[in-house]
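Colleague: Take a look at this one; I'll ask things after.
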Amino acid sequence: MPEQPAAVRARNFEEVACGYHPDDALRESERCLMCPDQPCVSGCPVGINIPGFIQKINQKDLRGAYDILTETSLLPAICGRVCPQENQCEGKCTVGDSLEPVAIGRLERFVGDTAIREGWANIPYIEPSGFKVGIIGSGPAGMACAADMAKAGCDVTVFEAFHQPGGVLKYGIPDFRLPNSVIDAEINNLRKLGVKFQCNTLVGRLFTVEQMTTEMGFDAVFVGVGAGYPTMLGIPGDSLNGVLSANELLTRCNLMRAKEFPNFDTPQPIGKRVAVVGAGNTAMDAMRVSLRLGAEKVYCIYRRSRKEAPARAEEVHHAEEEGVEFHWLTNPVAVLDNGSGGVRGMRCVRMELGEPDESGRRRPVPVPGSEFDFEVDLIVYAIGTNANPIMGQTSKLKLNKWGYIDTDANLATSMAGVFAGGDIVTGAATVIMAMGAGRKAAASMKAYLGIRDPQHPYHSGEDTLFGIDLAEKNFVRVRA
Amino acid sequence: MKVSKMPDFEIVTREDFSDVTYLLEVRHPLMAKAAKPGQFVIVMLHENGERIPLTIADFDREKGTITLVIQAVGKTTRQMQQECQVGTSLYALVGPMGIPSPVSHAKKVVCVGGGLGVAPIYPQARAFKEAGAYVIGVVGFRNKDLVFWDKKFRAVCDEFIICTDDGSAGIKGLVTAGIAQAVEKHADIDEVIAIGPPIMMKGCAEATRPLKIKTMVSLNPVMVDGTGMCGGCRVKIGDQVKFACVDGPDFDGHLVDFDDLLMRLRRYTKEERMALDHWEHEKGCRLQKKISSAVKESARK
Ligand SMILES: Cc1cc2nc3c(=O)[nH]c(=O)nc-3n(C[C@H](O)[C@H](O)[C@H](O)COP(=O)(O)OP(=O)(O)OC[C@H]3O[C@@H](n4cnc5c(N)ncnc54)[C@H](O)[C@@H]3O)c2cc1C
Ligand SMILES: Cc1cc2nc3c(=O)[nH]c(=O)nc-3n(C[C@H](O)[C@H](O)[C@H](O)COP(=O)(O)OP(=O)(O)OC[C@H]3O[C@@H](n4cnc5c(N)ncnc54)[C@H](O)[C@@H]3O)c2cc1C
Ligand code: SF4
Ligand code: SF4
Ligand code: FES
Chain H
986 MPEQPAAVRA RNFEEVACGY HPDDALRESE RCLMCPDQPC VSGCPVGINI
1036 PGFIQKINQK DLRGAYDILT ETSLLPAICG RVCPQENQCE GKCTVGDSLE
1086 PVAIGRLERF VGDTAIREGW ANIPYIEPSG FKVGIIGSGP AGMACAADMA
1136 KAGCDVTVFE AFHQPGGVLK YGIPDFRLPN SVIDAEINNL RKLGVKFQCN
1186 TLVGRLFTVE QMTTEMGFDA VFVGVGAGYP TMLGIPGDSL NGVLSANELL
1236 TRCNLMRAKE FPNFDTPQPI GKRVAVVGAG NTAMDAMRVS LRLGAEKVYC
1286 IYRRSRKEAP ARAEEVHHAE EEGVEFHWLT NPVAVLDNGS GGVRGMRCVR
1336 MELGEPDESG RRRPVPVPGS EFDFEVDLIV YAIGTNANPI MGQTSKLKLN
1386 KWGYIDTDAN LATSMAGVFA GGDIVTGAAT VIMAMGAGRK AAASMKAYLG
1436 IRDPQHPYHS GEDTLFGIDL AEKNFVRVRA
Chain A
7 MKVSKMPDFE IVTREDFSDV TYLLEVRHPL MAKAAKPGQF VIVMLHENGE
57 RIPLTIADFD REKGTITLVI QAVGKTTRQM QQECQVGTSL YALVGPMGIP
107 SPVSHAKKVV CVGGGLGVAP IYPQARAFKE AGAYVIGVVG FRNKDLVFWD
157 KKFRAVCDEF IICTDDGSAG IKGLVTAGIA QAVEKHADID EVIAIGPPIM
207 MKGCAEATRP LKIKTMVSLN PVMVDGTGMC GGCRVKIGDQ VKFACVDGPD
257 FDGHLVDFDD LLMRLRRYTK EERMALDHWE HEKGCRLQKK ISSAVKESAR
307 K
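Those sequence lines, one after another, are chains H and A. For the first sequence, the working numbering gives the first residue as 986, with consecutive numbering after it. For the second sequence, the working numbering gives the first residue as 7, with consecutive numbering after it.
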């Protein structure tokens, strides 16, 4: 796929990968072997009919390809860009055994982009069911749940704390990886389905989940508030000005548009030398944003080796091309003070890989006496996030010991009619997992409300009455 | 992106207390219902604006409004002073945020407000009064021309002490002088609540530490989201790091590391100056344009 040259793109916020030309897409689609056992499909967390949509591309029926994709995925233009394909669909592709795997993600993006450009949207005829559904959080989990519930005829409102919808897609992932126009297009499709977005609404504090299910009249609620509470390292010097979380850097830059300061009011001064601690997607984004904001030197500090880096392979590769300097097997032990509240440098220690830990990865252990200092003036922590405490503080929702919302296998929470999914249930995961969770919760919600899917006809058997499953929680509910 | 239709955060009342302090009453019926003393909101004046935190200084559940009292200190608060007139709307208003102040069962309390803390201490004083406590109000101003809300305070305080730097109203001195006066007269004060500039809250905490009187303060670090997502608002409380927006903003004043807070508040000094200069420059340019087009217009005539 064509890309902007590294030296150019490292200084602008335009998208790095320019997308396929129709001829490229056609050529790539020809590489698919249409394997009867479809190993790629088993690699996709939501089980997209991959050979099916690729075949349609091959037949130059892009609308058909779009229809197949949107049977399963709500956000092809987004997932095609940000899925860690090498561990998912493409990781299982038969062609990948000997050659480069079929570029499933890029093809998916191509179809998604075409749909946006052509203004396609699959808006089915929707018969109102009379149910009112509330969604908390407008990230991929909330968006997916909202879409399915709207298609089931519910009156859906999405509540978002920020002034713009989109969740991490908007405030976290930068424009050069996922342009805002793509997110906005997908959100507009939701609006076409009748979904209402209400921003500036901090659920829990403005009203509680309990109030939603009682006085506000929501028949069911989905909680998809993400897990954005950033972790700090807890080393000396952590609180110095010039140490910040990746979330803060990215929110200032992406959502608040600090890159256009002072035409936009929110500043994000960038150091000459920036060290980013961590090697996940968030860390890669923080590094590449720092470069684009004008940092002269950007270092990646990670305590394990490159093999263990959790970021998408493509992002590590792009960061490398753009000039980020990687320091694998290096761990910060202290932030050094410049005497006036800022940062002068960082003290690190070299690590080596020891025995495997619970995660199966080899545990990094410090090499005695290997401490060294180096000069930096901005330090960004991208070492993971925790559950946000607001839902727990303000509701009776049962949480697990780490503060995430406890659900059963169907994503039902401890409160009747309240479902949850995405990062707030699993901990930080991926866009496609969050989207899958939103759809799964929507299926449970429909069962709870007694809304039947025409694709799943009434069945007969012991535990049914008039063809309705007696286990359906809302068996006796009569539609309003 | 233009977000479809947002609720209208209309300004229904405005009052100017001095050339730097002004009050805005904003319509938000749901928030007026939910707000509790000690909570705050985040405001954006316009689409390109910064998100700034402001304490909910009062709320009127019947009228469906909340009240903000703002000090014009930098770009955003000055621009709001200029542009927020009755009938205009804020671009964004989210809240109530933060954990409401715990209104304890204290029988005798001192509520201290200084500078931008005078307004937010009011709902706390009222809440303590409603909970049956004996309330001593202490507020500080530079001089008597800046004094506001004294009637409102007197209505909810059993005793009320005004302190001014120059002695032009009440007693001469800082709010700590007011605290000293209160503790001298009453040996049984259970709790002090102090809101104001960090340096003032630090002074109050130091004043009560030897007396072992529980002292709660409301911290005001720089914030972005106000939902616990950025960590920009982190403060040191004893040996722990807390996020003021979701773990606070109220903390035990005797445990707060005020020097750390003061240092972190200086994080963007340079950029704040730039934003202000840029805005004033733009304002100047617009004025210049207006004048020159008016001149052209009259020349044409
Ligand atoms: C910088 C960064 C880069 C990433 N890169 C990738 C990638 O390349 N590929 C990938 O697959 N995954 C990536 N991820 C992970 C992925 O973005 C998340 O797993 C996914 O967004 C989680 O979706 P969600 O819907 O659960 O929550 P979120 O996207 O976090 O959305 C939650 C929303 O809820 C709102 N909210 C929170 N509390 C409340 C409340 N009380 N009331 C109302 N609204 C509330 C929040 O403001 C937010 O908008 C990345 C994450 C980050 C931070
Ligand atoms: C929880 C909370 C409640 C607050 N309540 C009120 C209130 O009720 N009324 C009110 O007038 N202000 C309040 N503030 C402070 C207010 O948010 C800042 O004054 C405002 O953000 C300044 O924006 P600016 O663009 O006008 O000035 P800037 O240009 O950003 O700053 C100008 C000056 O103000 C100082 N400053 C910047 N941010 C803060 C801050 N967060 N707190 C204190 N000083 C700051 C700077 O050090 C600088 O000297 C509160 C802050 C917090 C965190
Ligand atoms: S959604 Fe993600 S994992 Fe599934 S096919 Fe598309 S790119 Fe692959
Ligand atoms: S595994 Fe690869 S080659 Fe086989 S059907 Fe899937 S994408 Fe095509
Ligand atoms: S303001 Fe962002 S975490 Fe508190």
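Note that CB positions come from ideal geometry on N, CA and C, so glycine has one too. Computed from a prediction, not measured in an experiment: that's the story for all the values here.
Going residue by residue through the stretch 1293-1367 of chain H, where are the continuous alpha helix (DSSP H) segments of at least 4 residues, counting only ones entirely within it?
Modeller: For the stretch 1293-1367 of chain H, whole alpha helix (DSSP H) runs of length 4 or above, ordered along the chain, are 1298-1306.
Colleague: Under the three-state reduction of DSSP, which class applies to A/Ile219: helix, strand or coil?
Modeller: On the second sequence, residue 219 of chain A is found 213 positions in, with the first residue counted as 1. Coil at A/Ile219, not helix or strand.
Colleague: Checking contacts by CB at 7 Å: is A/Ile58 closer than that to chain H?
Modeller: By one-based count along the second sequence, residue 58 of chain A stands at place 52. Cβ-Cβ to chain H under 7 Å: no for A/Ile58.
Colleague: Evaluate contact between the stretch 178-188 of chain A and the stretch 129-139 of chain A, counting only Cβ atoms and requiring at least three cross-stretch pairs below 8 Å.
Modeller: Short answer: they don't touch.
Colleague: Which partner residues does H/Thr1216 have in the DSSP bridge list?
Modeller: By one-based count along the first sequence, residue 1216 of chain H stands at place 231. Its beta-bridge partners do not exist; DSSP assigns none.
Colleague: Let me make sure I understand the geometry here. Which of A/Leu99, A/His284 and A/Arg270 has the alpha-carbon closest to that of H/Asn1248?
Modeller: Residue numbering aside, residue 1248 of chain H sits at position 263 when the first sequence is read from its first letter. Among A/Leu99, A/His284 and A/Arg270, the Cα nearest to that of H/Asn1248 belongs to A/His284.
Colleague: Report the rounded CA-to-CA distance for A/Met103 versus A/Asp256, giving the unit in angstroms.
Modeller: Your numbering for residue 103 of chain A matches position 97 in the second sequence. Your numbering for residue 256 of chain A matches position 250 in the second sequence. Taking the straight line joining both Cα atoms gives about 12 Å.
Colleague: Report the residue from A/Leu152, A/Lys158, A/Ala78 and A/Arg160 whose alpha carbon sits nearest the alpha carbon of A/Asp172.
Modeller: Against the second sequence, residue 172 of chain A aligns to sequence position 166. For the residues A/Leu152, A/Lys158, A/Ala78 and A/Arg160, the minimum Cα distance to A/Asp172 belongs to A/Leu152.
Colleague: Is the Cβ of H/Leu1187 closer than 7 Å to any Cβ of chain A?
Modeller: Mapped onto the first sequence, residue 1187 of chain H falls at position 202. Yes, H/Leu1187 counts as interfacial toward chain A.
Colleague: Using a Cβ distance threshold of 8 Å, determine whether the stretch 1151-1164 of chain H contacts the stretch 989-1001 of chain H, with at least three qualifying pairs required.
Modeller: At 8 Å Cβ cutoff, the stretches touch.
Colleague: Using a threshold of 6 Å, is the CB atom of H/Gly1151 nearer than that to any non-hydrogen atom of ligand 2?
Modeller: If you number the first sequence from 1, residue 1151 of chain H lands on position 166. No.
Colleague: Could you list which residues in chain A have their beta carbon closer than 9 Å to that of H/Met1217, in chain order?
Modeller: In the first sequence, the residue the question calls residue 1217 of chain H occupies position 232. Those within 9 Å of H/Met1217 in chain A are Gly237, Arg240 and Val247.
Colleague: Against H/Glu1233, what residues of chain A qualify as contacts under a CB-to-CB distance less than 7 Å, listed in chain order?
Modeller: Position 248 of the first sequence, counted from the start, is the residue given in the question as residue 1233 of chain H. What H/Glu1233 touches in chain A: Val230, Cys236, Gly237 and Gly238.
Colleague: Is H/Ile1168 near ligand 3, in the sense that its beta carbon is under 6 Å from a heavy atom of that ligand?
Modeller: Working through the first sequence from its first residue, we reach residue 1168 of chain H at position 183. Not so, every heavy atom of ligand 3 lies at least 6 Å from the Cβ.
Colleague: Flag H/Phe1249 as yes if its beta-carbon sits less than 7 Å from any beta-carbon of chain A, otherwise no.
Modeller: Here residue 1249 of chain H refers to the residue found at position 264 of the first sequence. Yes, H/Phe1249 counts as interfacial toward chain A.
Colleague: When DSSP labels each residue in this structure, what does H/Tyr1284 get in the three-state scheme?
Modeller: Counted from its first residue, the first sequence places residue 1284 of chain H at position 299. Looking at H/Tyr1284 - three-state DSSP - the assignment turns out to be strand.
Colleague: Please confirm whether H/Thr1251 and H/Arg1273 have their CB atoms less than 7 Å apart.
Modeller: Reading the first sequence from its first residue, position 266 is the one you call residue 1251 of chain H. Reading the first sequence from its first residue, position 288 is the one you call residue 1273 of chain H. Cβ distance not < 7 Å, so H/Thr1251 and H/Arg1273 don't count as in contact.
Colleague: Which residues of chain A have a Cβ atom closer than 9 Å to the Cβ of H/Ala1319, listed in chain order?
Modeller: Within the first sequence, the letter at position 334 stands for residue 1319 of chain H. Within 9 Å Cβ-Cβ: nothing; H/Ala1319 doesn't reach chain A, min ~16 Å.
Colleague: Going by the beta-carbon positions, is the gap between A/Val223 and A/Ala200 smaller than 7 Å?
Modeller: Here residue 223 of chain A corresponds to residue number 217 of the second sequence, with the count starting at 1. Here residue 200 of chain A corresponds to residue number 194 of the second sequence, with the count starting at 1. Against a cut-off of 7 Å, the Cβ pair of A/Ala200 and A/Val223 comes out as a contact.
Colleague: Quick one: does the C-beta of A/Gly80 sit closer than 6 Å to a heavy atom of ligand 2?
Modeller: For the purposes of this step, residue 80 of chain A is taken as residue 74 along the second sequence, with counting starting at 1. A/Gly80: yes, Cβ under 6 Å from ligand 2.
Colleague: Does DSSP classify H/Arg996 as helix, strand or coil?
Modeller: For the purposes of this step, residue 996 of chain H is taken as residue 11 along the first sequence, with counting starting at 1. Residue state, collapsed to three classes: coil.
Colleague: Taking only runs that begin and end inside the stretch 147-220 of chain A, name each unbroken alpha helix (DSSP H) of 4 or more residues, in chain order.
Modeller: Those alpha helix (DSSP H) runs which fall completely within the stretch 147-220 of chain A and span 4+ residues are 156-162, 181-191 and 204-214.
Colleague: Specify the secondary structure class of H/Gln1183 as computed by DSSP and reduced to three states.
Modeller: Along the first sequence, one-based indexing puts residue 1183 of chain H at 198. In this structure, H/Gln1183 counts as strand in the three-state DSSP scheme.
Colleague: For chain A, check one thing: does any of its Cβ atoms lie closer than 7 Å to the Cβ of H/Thr1055?
Modeller: The residue given as residue 1055 of chain H occupies position 70 in the first sequence. Cβ-Cβ to chain A under 7 Å: no for H/Thr1055.
Colleague: Taking 6 Å as the cut-off, does the CB of A/Val205 come closer than this to any heavy atom belonging to ligand 2?
Modeller: Translated into positions along the second sequence, residue 205 of chain A becomes position 199. The amino acid occupying residue 205 of chain A in the given sequence is Ile; Val does not appear at that position. No - ligand 2 has no heavy atom lying nearer than 6 Å to the Cβ of A/Ile205.
Colleague: Just how far apart, CA to CA, sit H/Glu1281 and H/Arg1258?
Modeller: Numbered from 1 along the first sequence, position 296 holds the residue referred to as residue 1281 of chain H. Numbered from 1 along the first sequence, position 273 holds the residue referred to as residue 1258 of chain H. For H/Glu1281 and H/Arg1258, the distance between alpha carbons rounds to 6 Å.
Colleague: For H/Lys1041, which of helix, strand or coil comes out of DSSP?
Modeller: Looking up residue 1041 of chain H in the first sequence gives position 56. H/Lys1041: helix per DSSP, three-state reduction.
Colleague: Per DSSP, which residues does A/Ser224 bridge with? Please list them.
Modeller: Sequence index remark: in the second sequence, residue 224 of chain A carries index 218 (1-based). Answer is A/Asp256.
Colleague: Let's see if you can read the secondary structure: which residues bound the beta strand (DSSP E) around A/Lys114?
Modeller: Here residue 114 of chain A corresponds to residue number 108 of the second sequence, with the count starting at 1. Its beta strand (DSSP E) spans residues Lys114 to Gly120.
Colleague: What residues in the stretch 71-96 of chain A have a beta carbon less than 9 Å from any beta carbon of chain H?
Modeller: Residues Lys81, Thr82 and Gln85.
Colleague: Scan the stretch 246-269 of chain A for residues whose Cβ lies nearer than 8 Å to a Cβ of chain H and list them as they occur along the chain.
Modeller: Result list: Val247, Phe249, Val252, Asp253, Asp266 and Met269.
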